[in-house]
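Visitor: As they're listed, the protein sequences go chains W and X. Under my numbering, the residue at position 7 of the first sequence is numbered 7, and the numbers go up by one with no gaps. Under my numbering, the residue at position 116 of the second sequence is numbered 263, and the numbers go up by one with no gaps. This is the structure I want to talk about, given as structure tokens.
2 protein chains.
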Amino acid sequence: MDLDELDWRILDLLQQDGRMTFTELARRVNLSAPATTERVRRLEQLGVITGYAAVVDPQLLGLPIQAIVRVRVRSLDSPRFRERLLALPSVCDADHVTGDDCWLLRVRCKSMAELEQLVDNAQQYGETTTSLVFSSHVRNRPVSSPG
Amino acid sequence: MDLDELDWRILDLLQQDGRMTFTELARRVNLSAPATTERVRRLEQLGVITGYAAVVDPQLLGLPIQAIVRVRVRSLDSPRFRERLLALPSVCDADHVTGDDCWLLRVRCKSMAELEQLVDNAQQYGETTTSLVFSSHVRNRPVSSPG
DNA sequence: AGTGAAACAGTGCTGGC
DNA sequence: GCCAGCACTGTTTCACT
Numbered sequence: 001m002d003l004d005e006l007d008w009r010i011l012d013l014l015q016q017d018g019r020m021t022f023t024e025l026a027r028r029v030n031l032s033a034p035a036t037t038e039r040v041r042r043l044e045q046l047g048v049i050t051g052y053a054a055v056v057d058p059q060l061l062g063l064p065i066q067a068i069v070r071v072r073v074r075s076l077d078s079p080r081f082r083e084r085l086l087a088l089p090s091v092c093d094a095d096h097v098t099g100d101d102c103w104l105l106r107v108r109c110k111s112m113a114e115l116e117q118l119v120d121n122a123q124q125y126g127e128t129t130t131s132l133v134f135s136s137h138v139r140n141r142p143v144s145s146p147g
Numbered sequence: 148m149d150l151d152e153l154d155w156r157i158l159d160l161l162q163q164d165g166r167m168t169f170t171e172l173a174r175r176v177n178l179s180a181p182a183t184t185e186r187v188r189r190l191e192q193l194g195v196i197t198g199y200a201a202v203v204d205p206q207l208l209g210l211p212i213q214a215i216v217r218v219r220v221r222s223l224d225s226p227r228f229r230e231r232l233l234a235l236p237s238v239c240d241a242d243h244v245t246g247d248d249c250w251l252l253r254v255r256c257k258s259m260a261e262l263e264q265l266v267d268n269a270q271q272y273g274e275t276t277t278s279l280v281f282s283s284h285v286r287n288r289p290v291s292s293p294g
């Protein structure tokens, strides 16, 4: 994967504003619109850009509770855990990690009652540790050029 | 905040494809383009849609290591921790949470050496617990209508 | 790889319901 | 709150470098 400085500038701009028009993008990187478009297509095809997404505010959408649930899933229960728990709409992130707590879930709920239900559900598969999120200070920081 | 079914469909579609044109969006929700555009503008103005972002693959961008670092920050060190650590480009997510480990960081690094350096850095502010991420099974699941 | 011009598609505005 | 028509802007293709 060799990306030049121009590719990185394009990635930077599109991570900040995924709806920027290619003509605007072209202006910012001092290139013609077709050349810029072709670079973006190439980045998409290489899999560097995997998609574009609108970023929404869960608070305003009726999900004021955010929590991190760590689950020490018993190995025998792992398949069922993956099928049933990771499919829940409340589960925003799910990472399989090293260490005693082998799963880390970021969940969003409309109420504490809903969170309680989810944690109770998770308890079937192993011990859980739940932390409520006070505030998120960094969220999905754009990946930037190492140079 | 009262959103009707149409608003939710628009949110759903834009979370999946943030670059979808308003004409295409209009087709999908069976509305005229101007009406659809106006609804999107309204969602943006209400703060429901906070932005749009290109989603990139950190692996392909030279960041193969992903880890969750829990930090039990001593209260006296908190201001410096916030200023110095949360500003690092490696820190993708940073949440202030309840429980013993009061901060949860998701970091991405180009090498274990870099991760080691970051964790050493974090140790200045309190005890840390680091878990390497094997795999992310859910990432930024779109928020969907409760109904 | 990048450019410039022309055809085409999408956007934004205005007026009307 | 939605639609139709029009001017404007952005996108795509193609011949050329």
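For glycine and all other residues, C-beta sits at the position ideal for the given N, C-alpha and C.
#1: What residue from W/37, W/42, W/54 and W/44 has the CA that sits closest to residue 190 of chain X's CA?
#2: Could you tell me the alpha carbon to alpha carbon distance between residue 106 of chain W and residue 93 of chain W, rounded to whole angstroms?
#3: Going by the CB atoms, is the gap between residue 63 of chain W and residue 108 of chain W shorter than 8 Å?
#4: Quick one, are the C-beta atoms of residue 133 of chain W and residue 66 of chain W less than 8 Å apart?
#5: Could you check the C-alpha separation between residue 267 of chain X and residue 166 of chain X for me, to the nearest Å?
#6: Using 10 angstroms around the beta-carbon of residue 265 of chain X, count the other beta-carbons present and answer buried if the total reaches 16, otherwise exposed.
#7: Taking the CB atoms as reference points, tell me whether residue 196 of chain X and residue 56 of chain W lie closer together than 8 Å.
#8: Determine the DSSP secondary structure at residue 36 of chain W, reduced to helix, strand or coil.
#9: Are the segment 154 to 163 of chain X and the segment 171 to 187 of chain X in contact at 8 Å, needing three or more beta carbon pairs?
#10: Mind checking which residues open and close the alpha helix (DSSP H) that includes residue 29 of chain W?
#11: If you draw a straight line from the alpha carbon of residue 251 of chain X to that of residue 131 of chain W, how long is it in whole angstroms?
#12: With distances taken Cα to Cα, identify the nearest neighbour of residue 245 of chain X among W/17, W/129 and W/87.
#13: Quick one: what does DSSP say residue 95 of chain W is sitting in, helix, strand or coil?
#14: Relative to the C-alpha of residue 102 of chain W, which residue among W/71, W/123 and W/147 is closest?
#15: Would you list, in chain order, the members of the segment 179 to 205 of chain X that have their beta-carbon closer than 8 Å to a beta-carbon of chain W?
#16: If we cut at 8 Å on Cβ distances, does residue 92 of chain W have a partner in chain X?
#17: Going by CA-CA distance only, name the one from X/162, X/161, X/293 and X/274 that's closest to residue 247 of chain X.
#18: In the structure shown, what three-state DSSP assignment does residue 213 of chain X receive?
#19: In chain W, what lies closer than 9 Å to residue 275 of chain X by C-beta?
#20: Quick one: is residue 122 of chain W buried, meaning 16 or more other Cβ sit within 10 Å of its Cβ, or exposed?
#21: Using a Cβ-Cβ distance under 8 Å, would residue 170 of chain X count as near chain W?
#22: Can you tell me which of X/150, X/207, X/193 and X/233 puts its alpha carbon nearest to the alpha carbon of residue 136 of chain W?
#23: Does any CB atom of chain W fall closer than 8 Å to the CB of residue 221 of chain X?
#24: Going by the DSSP bridge assignment, what does residue 129 of chain W pair with across the sheet?
#25: Assuming residue 272 of chain X contacts residue 228 of chain X under a Cβ cut-off of 8 Å, what Cβ separation, rounded to an integer in Å, is found between them?
#26: May I ask you to list, following chain order, the residues of the segment 112 to 141 of chain W that have a beta carbon less than 9 Å from some beta carbon of chain X?
#27: Could you tell me the distance, in whole angstroms, from the CA atom of residue 163 of chain X to the CA atom of residue 172 of chain X?
#28: Using 8 Å for Cβ pairs, my map puts residue 290 of chain X next to residue 61 of chain W. What's the rounded Cβ distance?
#29: Using the rule of at least 16 other Cβ atoms within 10 Å of the residue's Cβ for burial, across every protein chain shown, is residue 183 of chain X buried or exposed?
Guide: On the basis of the data shown:
#1: The shortest C-alpha separation from residue 190 of chain X is found at W/54.
#2: Across the structure, residue 106 of chain W and residue 93 of chain W are spaced so that their CA atoms are roughly 5 Å apart.
#3: Taking 8 Å as the Cβ cut-off, residue 108 of chain W and residue 63 of chain W qualify as a contacting pair.
#4: Closer than 8 Å, so yes.
#5: Distance between the alpha carbons of residue 267 of chain X and residue 166 of chain X: 40 Å.
#6: Counting the other Cβ atoms within 10 Å of the Cβ of residue 265 of chain X gives 16 or more, which makes it buried.
#7: Yes, Cβ-Cβ distance for residue 196 of chain X and residue 56 of chain W is below 8 Å.
#8: Secondary structure of residue 36 of chain W (DSSP, three-state): helix.
#9: The segment 154 to 163 of chain X vs the segment 171 to 187 of chain X: in contact.
#10: Looking at the DSSP string, the run of the alpha helix (DSSP H) that includes residue 29 of chain W is 22 to 29.
#11: When the Cα atoms are used, residue 251 of chain X and residue 131 of chain W turn out to be separated by approximately 10 Å.
#12: Checking every option, the nearest Cα to that of residue 245 of chain X belongs to W/129.
#13: Residue 95 of chain W: strand per DSSP, three-state reduction.
#14: Nearest of W/71, W/123 and W/147 to residue 102 of chain W, Cα basis: W/71.
#15: For the segment 179 to 205 of chain X, the beta-carbon criterion of a distance under 8 Å to any beta-carbon of chain W is satisfied by 193, 194, 195, 196, 197, 198, 199, 200, 201, 202, 203, 204 and 205.
#16: It does: the Cβ of residue 92 of chain W has a partner Cβ on chain X nearer than 8 Å.
#17: Measuring from the Cα of residue 247 of chain X, the nearest candidate turns out to be X/274.
#18: Residue 213 of chain X: strand per DSSP, three-state reduction.
#19: Near residue 275 of chain X there are no residues of chain W at all, since even the closest Cβ is about 12 Å away, more than 9 Å.
#20: Buried, because 16 or more other Cβ atoms sit within 10 Å of the Cβ of residue 122 of chain W.
#21: Contact of residue 170 of chain X with chain W is not assigned, every C-beta pair being separated by 8 Å or more.
#22: The shortest C-alpha separation from residue 136 of chain W is found at X/233.
#23: No, residue 221 of chain X does not count as interfacial toward chain W.
#24: Beta-bridge analysis with DSSP links residue 129 of chain W to W/70.
#25: With 8 Å as the limit, residue 272 of chain X and residue 228 of chain X qualify as a contact, their Cβ atoms being about 4 Å apart.
#26: So the close ones are 129, 130, 131, 132, 133, 134, 135, 136, 137, 138, 139, 140 and 141.
#27: Here the alpha carbons of residue 172 of chain X and residue 163 of chain X stand approximately 12 Å from one another.
#28: Rounded, the Cβ-Cβ distance is 5 Å, consistent with contact.
#29: Answer is buried; the Cβ neighbour count reaches 16.
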